[in-house]
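Novice:
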């Protein structure tokens, strides 16, 4: 082995070693790297009651109820298998609407997710308004990656 | 020695590289300017507004090219790092440092433009999801390479240290890229990928591709121009560098 080959082997083993380390780390911290839980994960009790978590899903069309004269909103968030009620009091982001992806932070309390923050999750689709009309409204071509199969399920 | 290795070694010789880079500059700079001007006009003025985000979506014409470049540059630095460590090629050593400067800039632009978009669209400037966090780590890696280069007085030693950091840090590049698929993130998935139909109409993505290509060429122009200066400074005791300097004076 020449010196150059030895250096090459050293560099390659460095890359391999670090890559392996990263793979192991990402497996170990998998839970922590998840930004939010889905509805079926929460329904299965993966987060403890009262533990602060984030909950992501699509706003179920027709489920949004606003308390008249107050900021209190109730709606259901869903993925393809389950949906859970969410209660939130505050100002909703511009992109909040039925069928839209949402990430709420808060706690599960007696089967209701009490949120203190609601963020909109935009998807990767961009459309001019004329095209949306042609497709027949909002719901047409939506695919929020992690909640993809909701439309097929409902 | 076959033709490939011969070309490889010729490129690595500072005077040849200096001359080659000088000739390549106008071929990168002018197309970059034209593509950027046309692409930005088409994207910021002519393209239709998004049905949900309105005109706010136009930040994509800055954000996405900057983010792509931030990943591309770091990958190229890792390749240069291997060449610098194994073949001890001076041109690769110079590339490492000059590329890191541009890379840090593009990463900062990607982060800042993303925050400006996130505030109205998501409802927050910043969240610690996997995509945003790994891109922030990328910025720190770039700054680390720049700092390491400054910290070691002997340039060849500094380059070797930077090469190791570039190679080790490259593991973060696939993490940034795939973070939106591997984990639940607030950040959306890719709108444009090589294998799927784009998630937007041609009137929106053609300008984006123009700006992206223009940014790429601009980066090529920038890094070659900077490397010429760095090489001349490093080789100032060599006769060829003196000859070049006399010509210019």
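Protein chains in written order, with our numbering: chain A, 27 to 180; chain B, 4 to 252. Beta carbons are placed, not taken as given, at the ideal position from N, Cα and C, and that holds for glycine. This structure is a prediction, so every number in the text was calculated from the model and none was measured.
#1: Taking only three categories from DSSP, how would you classify residue 63 of chain A?
#2: Quick one: what's got a C-beta closer than 7 Å to residue 127 of chain B's C-beta in the same chain, skipping five residues either side?
#3: Does any residue of chain A have a CB that is nearer than 8 Å to the CB of residue 210 of chain B?
#4: Within 10 Å of its beta-carbon, does residue 187 of chain B have 16 or more other beta-carbons around it, so buried, or fewer, so exposed?
#5: With DSSP as the reference, please indicate the residues paired to residue 140 of chain A in a beta bridge.
#6: Taking only the alpha-carbon atoms, compute the straight-line gap between residue 241 of chain B and residue 95 of chain B and give it to the nearest angstrom.
#7: Can you pull the chain A neighbours of residue 202 of chain B, defined as C-beta to C-beta under 7 Å?
#8: Starting from residue 91 of chain A, follow its DSSP beta bridges and name the residues at the other end.
#9: Just verifying my parser: in three-state terms, what is the DSSP assignment at residue 93 of chain B?
#10: Keeping to the same chain, check which residues put their C-beta closer than 6 Å to that of residue 112 of chain B; ignore five residues upstream and five downstream.
#11: May I have the straight-line CA-CA distance separating residue 56 of chain B from residue 125 of chain B, to the nearest angstrom?
#12: Would you list, in sequence order, the uninterrupted beta strand (DSSP E) runs of no fewer than 3 residues that lie entirely inside the segment 99-155 of chain B?
#13: Exposed or buried, what is residue 109 of chain A when buried is set at 16 or more other beta-carbons lying within 10 Å of its beta-carbon?
#14: Return the CA-CA distance between residue 97 of chain A and residue 113 of chain A, expressed in angstroms with no decimal places.
#15: Let me make sure I understand the geometry here. Which of B:123, B:87 and B:83 has the alpha-carbon closest to that of residue 121 of chain A?
#16: Tell me which residue opens and which closes the alpha helix (DSSP H) that residue 29 of chain A is part of.
#17: Would you verify that the beta carbon of residue 60 of chain A is, or is not, closer than 8 Å to some beta carbon of chain B?
#18: By alpha-carbon positions, which one of A:71, A:76, A:29 and A:39 ends up nearest to residue 131 of chain A?
#19: In the DSSP assignment, find the unbroken alpha helix (DSSP H) run with residue 28 of chain B in it and report its ends.
Specialist: Working from what's here:
#1: What you label residue 63 of chain A is simply residue 37 of the first chain in a count that begins at 1. The answer is strand: DSSP assigns residue 63 of chain A an E or B state.
#2: Sequence index remark: in the second chain, residue 127 of chain B carries index 124 (1-based). Result list for residue 127 of chain B: 121, in chain order.
#3: As a first step, residue 210 of chain B is located in the second chain; it is residue number 207 there, counting from the start. Taking CB atoms only, residue 210 of chain B has no neighbour in chain A less than 8 Å away.
#4: Reading the second chain from its first residue, position 184 is the one you call residue 187 of chain B. By the neighbour-count criterion, in which a residue is buried when 16 or more other Cβ atoms sit within 10 angstroms of its Cβ, residue 187 of chain B is buried.
#5: Taking the first residue of the first chain as 1, we reach residue 140 of chain A at position 114. Partner(s): A:113 and A:133.
#6: Residue 241 of chain B sits at position 238 when you count from the first residue of the second chain. Residue 95 of chain B sits at position 92 when you count from the first residue of the second chain. When rounded, the distance between both Cα atoms is 19 Å.
#7: By 1-based counting over the second chain, the position of residue 202 of chain B is 199. Neighbours of residue 202 of chain B on chain A, chain order: 150, 151 and 152.
#8: Residue numbering aside, residue 91 of chain A sits at position 65 when the first chain is read from its first letter. According to DSSP, which records beta bridges pairwise, residue 91 of chain A is partnered with A:100.
#9: By one-based count along the second chain, residue 93 of chain B stands at place 90. Residue 93 of chain B: helix per DSSP, three-state reduction.
#10: The residue you call residue 112 of chain B lines up with position 109 of the second chain. So the qualifying residues of the chain are 69.
#11: Here residue 56 of chain B refers to the residue found at position 53 of the second chain. Here residue 125 of chain B refers to the residue found at position 122 of the second chain. If I take the Cα positions, the gap works out to 11 Å.
#12: none
#13: As a first step, residue 109 of chain A is located in the first chain; it is residue number 83 there, counting from the start. Buried.
#14: In the first chain, residue 97 of chain A corresponds to position 71, counting from 1. In the first chain, residue 113 of chain A corresponds to position 87, counting from 1. Our two residues, residue 97 of chain A and residue 113 of chain A, have alpha carbons roughly 11 Å apart in a direct line.
#15: The sequence position of residue 121 of chain A within the first chain is 95, counting from 1. Ranked by Cα distance from residue 121 of chain A, the first of B:123, B:87 and B:83 is B:123.
#16: Within the first chain, the letter at position 3 stands for residue 29 of chain A. Segment 29-54, the alpha helix (DSSP H) holding residue 29 of chain A.
#17: Along the first chain, read from residue 1 onward, the residue named residue 60 of chain A stands at position 34. With 8 Å as the cut-off, residue 60 of chain A counts as an interface residue toward chain B.
#18: Residue 131 of chain A sits at position 105 when you count from the first residue of the first chain. The residue with the shortest Cα to Cα distance from residue 131 of chain A is A:76.
#19: Within the second chain, numbered from 1, the residue matching residue 28 of chain B stands at position 25. Looking at the DSSP string, the run of the alpha helix (DSSP H) that includes residue 28 of chain B is 17-44.
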